[in-house]
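K.L.:
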Amino acid sequence: MRKIVVSACVIAAMLCALPTAASAAVGSAVPAYVQTEGDDGYTPNQHQAPTLAGSTAVGECDGDVPWISYSVELTDPDNQSTGHTARLVITNGTESETIVLGELVNGTLSGRVLWPGASVDENGNPTGWPGWAFVNGEWVETDGNFRWTRGDISATIEVNPEVAVPLSYPPSTPQCATNPHNPGEPATAGLPATGLSASTLPIAVTGGALAVLGVVLLFVMRRRGRALR
């Protein structure tokens, strides 16, 4: 009888232990998150890459001198850029020229530099143009002196990051020449400030002449009409 009672107690104890063991097994399948010291549970956002979007470089003519006007804008909210010196790199695929523009201040820099091959004297007057040389008292075209920069080129502003910018040699106009003229040759004369270009000037002159002719014919017809009365 005593053995039966002991066996019953053992079986009852085993049955009571089964739910606890099952719960422990289920709990071990999905470990609970344990926050360690110094871990606030925050996952940082991705850094924003720096950019030079909005930067420009433009070829301009001023006083018969070819210039490159530039504006550099660095956007770097997470301070990832490793440099602050701006450079302009010009290339035609075979040759290249790097122009140091200067140091950015608060992420910006603007100004202008002479076009490669151009030069001026102490008063800012032109003394040289790319693709030209002064030989035996006159200007002659040459393959040197950065002539290639007047052709098909591409340009990049570099700070780290970098950005491609459209750039081309400024063409000559009646108001500003980007080529030299030899002594004795007539200089390119600028038009009066009337908004007329060289191509539209002949049309304007012809139109004016026709208007005068129309007035004369009208005057003659009126005189003839009065004479017939």
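Throughout the sequence shown, residue numbering follows mature numbering (1 follows the signal peptide of the UniProt record, and there is no 0), covering -24 to -1, 1 to 205 in sequence.
The C-beta atom is built at its ideal place from N, Cα and C for all residues, glycine as well.
On a Cα-Cα basis, can you pick out the residue from Cys152, Ala140, Pro156, Thr154 that is closest to threonine 67?
P.N.:
Counting from one through the sequence shown, the residue named residue 67 turns up at place 91. That would be Ala140, whose Cα lies nearest to the Cα of threonine 67.
K.L.:
Along the chain, where does the beta strand (DSSP E) that runs through leucine 77 open and close?
P.N.:
Within the sequence shown, the letter at position 101 stands for residue 77. Per DSSP, leucine 77 belongs to the beta strand (DSSP E) from 72 to 79.
K.L.:
Could you say which of His157, Leu80, Leu90, Arg88 lies nearest to valine 111 if we only look at CA atoms?
P.N.:
The residue you call residue 111 lines up with position 135 of the sequence shown. Of His157, Leu80, Leu90, Arg88, the residue nearest in Cα terms is His157.
K.L.:
If we ignore side chains and look at the alpha-carbon of each, how far apart do glutamate 73 and histidine 23 end up?
P.N.:
In the sequence shown, the residue the question calls residue 73 occupies position 97. In the sequence shown, the residue the question calls residue 23 occupies position 47. For glutamate 73 and histidine 23, the distance between alpha carbons rounds to 33 Å.
K.L.:
Is the Cβ of histidine 157 closer than 9 Å to any Cβ of chain B?
P.N.:
This model lacks chain B altogether, as it is built from one protein chain only.
K.L.:
Using a Cβ-Cβ cutoff of less than 6 Å, which residues in the same chain neighbour threonine 154 once the five nearest sequence positions on both sides are dropped?
P.N.:
The residue you call residue 154 lines up with position 178 of the sequence shown. Same-chain partners within the cutoff: Cys37, Pro42, Pro146, Ser148.
K.L.:
Alpha carbons only, please: which of Pro137, Gly127, Ile133 is nearest the one belonging to glutamate 71?
P.N.:
Taking the sequence shown and counting its residues from 1, the one referred to as residue 71 is at position 95. Of the candidates Pro137, Gly127, Ile133, the one whose C-alpha sits nearest the C-alpha of glutamate 71 is Gly127.
K.L.:
Under three-state DSSP, which class holds threonine 154?
P.N.:
On the sequence shown, residue 154 is found 178 positions in, with the first residue counted as 1. Looking at threonine 154 - three-state DSSP - the assignment turns out to be coil, as it is neither helix nor strand.
K.L.:
Given that a residue counts as buried once 16 or more other Cβ atoms are within 10 Å of its Cβ, and exposed if not, what is glycine 93?
P.N.:
On the sequence shown, position 117 is the one that residue 93 refers to. It is buried - the Cβ of glycine 93 has at least 16 other Cβ atoms within 10 Å.
K.L.:
Compute the Euclidean distance between the alpha carbons of valine 34 and glycine 113, then round it to the nearest angstrom.
P.N.:
Here residue 34 refers to the residue found at position 58 of the sequence shown. Here residue 113 refers to the residue found at position 137 of the sequence shown. The alpha-carbon atoms of valine 34 and glycine 113 are separated by roughly 32 Å.
K.L.:
Hey, how far is the Cα of aspartate 54 from the Cα of proline 142?
P.N.:
In the sequence shown, the residue the question calls residue 54 occupies position 78. In the sequence shown, the residue the question calls residue 142 occupies position 166. Near 28 Å, if we compare the C-alpha coordinates of proline 142 and aspartate 54.
K.L.:
Express the C-alpha separation of glycine 120 and threonine 103 in angstroms, rounding to a whole number.
P.N.:
Looking up residue 103 in the sequence shown gives position 127. Looking up residue 120 in the sequence shown gives position 144. C-alpha separation (whole angstroms): 16 Å.
K.L.:
Would you mind stating whether leucine 77 and valine 48 have Cβ atoms separated by less than 9 Å?
P.N.:
Here residue 77 refers to the residue found at position 101 of the sequence shown. Here residue 48 refers to the residue found at position 72 of the sequence shown. Yes, these two residues count as a Cβ contact at 9 Å.
K.L.:
In its own chain, which residues sit with a C-beta less than 6 Å from the C-beta of alanine -1, not counting the 5 before and 5 after it?
P.N.:
The count along the sequence shown starts at 1 and reaches residue -1 at position 24. Unreliable placement is indicated for alanine -1, whose pLDDT of 45 sits below 50; no coordinate value is reported for it.
K.L.:
Of the residues Val96, Cys152, Val135, which one's Cα is nearest the Cα of isoleucine 75?
P.N.:
In the sequence shown, the residue the question calls residue 75 occupies position 99. Checking every option, the nearest Cα to that of isoleucine 75 belongs to Val135.
K.L.:
Since arginine 88 is in the beta strand (DSSP E), which residue starts that stretch and which ends it?
P.N.:
Residue mapping note: residue 88 aligns to position 112 of the sequence shown, counting from 1. Here the beta strand (DSSP E) through arginine 88 covers 84 to 90.
K.L.:
Who are the near neighbours of serine 95 in its chain, counting only those whose CB is closer than 8 Å to its CB and skipping five residues on each side?
P.N.:
Here residue 95 refers to the residue found at position 119 when the sequence shown is read from its first residue. Hits under 8 Å: Pro102, Thr103, Gly104.
K.L.:
What residues match up with leucine 64 in a beta bridge as DSSP calls it?
P.N.:
Walking along the sequence shown from the start, residue 64 turns up at place 88. Bridge partners of leucine 64: Ile75, Ile133.
K.L.:
Secondary structure at residue 261, three-state DSSP: helix, strand or coil?
P.N.:
Given a span of -24 to 205 for the chain in the structure shown, any question on residue 261 remains unanswerable.
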